[in-house]
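Residue numbers for the sequence shown, in our numbering: 31 to 547.
A virtual CB, placed ideally from N, CA and C, is assigned to each residue, including glycine.
Some notes on the structure that comes next.
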Amino acid sequence: MSEGINTEFTSEIKELGVIPIAEQVLARNQEVCGVISNIRDIIVPHTQRRDSSRFFTIVDPSTGTLGGRKIQSFHSQKECLPMGQVGDILICRGLTLSDFQGEVRGVLSARYFSASWTTLSIHDLKPIPEVVTDFIASPKNMAIAKVLQKWYKQTGCPLPPTPGDGSREKSVEKSKNELTYFRGKPFLTTAQIGEGLFAYCNFIGVYLGCRYANVSMTLSLTDFTVNPHTGGATKPSYGVSPDVILLCTLWDEHAENCPKLERGDYIMILNGRRKINSHGVLEISIHGDVLSPVYIQKVIKLSPDDERLDDIKARSNSANEHSKNVADPKNTGEKPSNLLYTESIELKEARSVITSPIILPLTTFLQMQTDGVAGKLYNIRGCVTDFRALDPAEWFLRWCLKCEKYSARFLKTCKSCKNPLSDLKYRFCLFLEDARGDQLYIFCIGSNIYNLFPGLPPSLALESVEMAEQLYARMLKLCPKKDDAKTYLDFRVKCIQGSGPRNLAKYALKDTKFYFE
Ligand SMILES: [Zn+2]
Numbered sequence: 031m032s033e034g035i036n037t038e039f040t041s042e043i044k045e046l047g048v049i050p051i052a053e054q055v056l057a058r059n060q061e062v063c064g065v066i067s068n069i070r071d072i073i074v075p076h077t078q079r080r081d082s083s084r085f086f087t088i089v090d091p092s093t094g095t096l097g098g099r100k101i102q103s104f105h106s107q108k109e110c111l112p113m114g115q116v117g118d119i120l121i122c123r124g125l126t127l128s129d130f131q132g133e134v135r136g137v138l139s140a141r142y143f144s145a146s147w148t149t150l151s152i153h154d155l156k157p158i159p160e161v162v163t164d165f166i167a168s169p170k171n172m173a174i175a176k177v178l179q180k181w182y183k184q185t186g187c188p189l190p191p192t193p194g195d196g197s198r199e200k201s202v203e204k205s206k207n208e209l210t211y212f213r214g215k216p217f218l219t220t221a222q223i224g225e226g227l228f229a230y231c232n233f234i235g236v237y238l239g240c241r242y243a244n245v246s247m248t249l250s251l252t253d254f255t256v257n258p259h260t261g262g263a264t265k266p267s268y269g270v271s272p273d274v275i276l277l278c279t280l281w282d283e284h285a286e287n288c289p290k291l292e293r294g295d296y297i298m299i300l301n302g303r304r305k306i307n308s309h310g311v312l313e314i315s316i317h318g319d320v321l322s323p324v325y326i327q328k329v330i331k332l333s334p335d336d337e338r339l340d341d342i343k344a345r346s347n348s349a350n351e352h353s354k355n356v357a358d359p360k361n362t363g364e365k366p367s368n369l370l371y372t373e374s375i376e377l378k379e380a381r382s383v384i385t386s387p388i389i390l391p392l393t394t395f396l397q398m399q400t401d402g403v404a405g406k407l408y409n410i411r412g413c414v415t416d417f418r419a420l421d422p423a424e425w426f427l428r429w430c431l432k433c434e435k436y437s438a439r440f441l442k443t444c445k446s447c448k449n450p451l452s453d454l455k456y457r458f459c460l461f462l463e464d465a466r467g468d469q470l471y472i473f474c475i476g477s478n479i480y481n482l483f484p485g486l487p488p489s490l491a492l493e494s495v496e497m498a499e500q501l502y503a504r505m506l507k508l509c510p511k512k513d514d515a516k517t518y519l520d521f522r523v524k525c526i527q528g529s530g531p532r533n534l535a536k537y538a539l540k541d542t543k544f545y546f547e
């Protein structure tokens, strides 16, 4: 394991104020530079719910060429995963260093941090033209890259082909031209943009209509996923529920150069900036850039047979199957969808969204149980294996606002203050299992989870038999049958009781919503 370990070059890296790879400890949001010593093929999952992933190892003079940091990268778009060849220099930002069975490993996940990366040629330290991203290397990055270049060249390891000479093309996956500049930005759905984990993103949607202002125009788009920030709007716009509309405001040259669009056209928005506007509505916007020497078209009309539309078409179809009066907007010019009222009713697969803007790293159940500090928040990922109570009639409690106490659902007045009880809350337990096979149960109770099932607050769920059945159906969807593929969901939990010598810590669900699509 000692090949290439070099204390002189390691000291040079330290002098730049950077911790060499071998000395890094568990931490989040780290910037790490190294030479790629191993890079595996991209793994594309069979279901859209999982991210594509790619495993690679980077080395530096502190690790030698046989050691190094193993890094697993995840992204919903395989094109956005790190690329390069053995011998290229890779710079990653937003890396989480976590414990993997006693070994420090890196996780580069665009879902939890704005993870970004670039690949430089070991020959000239320039970005590899075949894998352009919008990552800008800092002077410090470049200084480390110089040290890595000097070190790696003297190790005698074979160098990769020179970039741009054509011999690399086979191993570097090429994407469509217009994606090249924005590859570092993830393609997100409206629901994902709503999660607020990214300031900038790319988006593909169906054009519904447009409003003009002086120097801007605002497009209404849908991609058939749920917008969690509608500012309380309920009135359909362009015949579509506000729940599924994403606004996109174009300014200046982007408004001037917007392609001619007709309702039902598919468009791609590149590098949109996420914001919640003054009405509390989620939108993305594209501002002009007078300083930019080149104009880059960021609103692109896609041909209906473009393969990038597969996801959105699948969502549109599944929505249409469930909705009698909804037709393909492309064929009929009718309402593209009022599915979103139906989407909350017709359940296919479960999905969770963490609604809090606080970003936390993922924790395994074991890590969380070991930590278990009362009041602390954690993000966990697991599949629901069971729930309690088994009888949905027991999933409700009444809450006395005055005494701040729970009472049984059938009680009409609070036992303490004798005031009438009207406020209903959910109360149940979910049993979870994480990818390591560890088990955990979490309490789901009260105002923390009032909106756990969007569109189905506890008061509504008790209003009619149909609604109660819907609630039960959603719960069943959360825990798929044994032979089904496991549905991993993310949960934000709060430790409500710290661990003691005789008890495990207890956790309550918070800031999480379940959607079914
Ligand atoms: Zn009371």
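Residue side-chain check: Asn301 keeps its Cβ at 7 Å or more from all non-hydrogen atoms of ligand 1. By the criterion of a C-beta distance shorter than 7 Å, Ser529 is surrounded in its chain by Gln399, Gly402, Ala535, once the five residues flanking it on both sides are discounted.
Summarising the contact set, residues whose Cβ lies nearer than 7 Å to any heavy atom of ligand 1 are, in chain order, Cys430, Lys432, Cys433, Lys435, Cys444, Ser446, Cys447, Asn449. Nearest in C-alpha terms to Ile73, of all of His317, Thr93, Met113, is Met113. Ile314 has its alpha-carbon roughly 16 Å from the corresponding atom of Glu283. Per DSSP, reduced to three states, the secondary structure at Tyr518 is coil, with no helix or strand assignment.
Listed in chain order, the non-local C-beta contacts of Ser128 below 7 Å within the same chain comprise Leu56, Arg135, Val137, local neighbours out to five positions each way being set aside.
Taking Arg439 as reference, the option from Phe521, Glu424, Trp181 with the minimal CA-CA separation is Glu424. Distance from the CA atom of Asn171 to the CA atom of Gly405, rounded to whole angstroms, is 38 Å.
Closest in alpha carbon position to Leu451, among Arg504, Ile472, Trp429, is Trp429. With 16 or more neighbouring CB atoms inside 10 Å of its own CB, Ser382 falls in the buried class. The beta strand (DSSP E) runs lying completely inside the region 106–175 and spanning 3 residues or more are 119–130, 133–139, 146–150, given in chain order. Take the alpha-carbon of Asn533 and the one of Gly132: they are about 25 Å apart.
Boundaries of the alpha helix (DSSP H) harbouring Ala503: 495–508, taken from the DSSP string. Per DSSP, reduced to three states, the secondary structure at Glu33 is coil, with no helix or strand assignment.
Excluding sequence positions up to five before and after Leu519, its CB lies within less than 6 Å of the CB of Ser382, all in the same chain and listed in chain order. In its chain, beyond the 5 residues on either side, Ser386, Leu407, Asn478, Ile479, Arg522, Val523, Lys524 have a beta carbon closer than 8 Å to the beta carbon of Lys540. Under the three-state reduction of DSSP, Tyr182 is assigned to helix. About 20 Å separates the Cβ atoms of Gly98 and Ser139, ruling out a contact at the 8 Å cut-off.
Annotation for Ala221: the continuous alpha helix (DSSP H) segment containing it runs 220–225.
Assigned with DSSP and collapsed to three states, Phe395 falls in helix. A direct Cα-Cα distance of roughly 17 Å separates Arg466 from Ile472. A direct Cα-Cα distance of roughly 7 Å separates Phe228 from Arg304.
Between the C-alpha atoms of Tyr502 and Glu463 there is a straight-line separation of about 21 Å.
The secondary-structure analysis by DSSP pairs Asn232 across a beta bridge with Phe217. Note: Pro450 is bridge-paired with Thr443 in the DSSP secondary-structure output. Taken in chain order, the unbroken stretches of beta strand (DSSP E) that lie wholly in the region 403–489 and span 3 residues or more are 407–418, 426–430, 435–438, 453–463, 469–475. Per DSSP, the beta-bridge partners of Gln527 are Lys536. Under the criterion of beta carbons closer than 8 Å, Ile49 and Asp90 do not qualify as touching, at roughly 10 Å. The shortest C-alpha to C-alpha distance from Phe546 to any of Cys444, Lys507, Gln60 is the one to Lys507. The DSSP-derived three-state label of Lys305 is strand. A buried status is given to Gln500, since no fewer than 16 other beta-carbon atoms sit within 10 Å of its beta-carbon. For the pair His153 and Pro169, the Cα-to-Cα distance works out to about 18 Å. Nearest Cα to His259 within the set Asn481, Arg504, Arg123, Cys447: Asn481.
Contact between Phe217 and Ser106 holds, with the beta-carbon distance rounding to 7 Å and staying under 8 Å.
Ranked by how close their Cα comes to the Cα of Leu125, the residues Leu111, Gln115, Ser103, Ile119 have Ser103 in first place.
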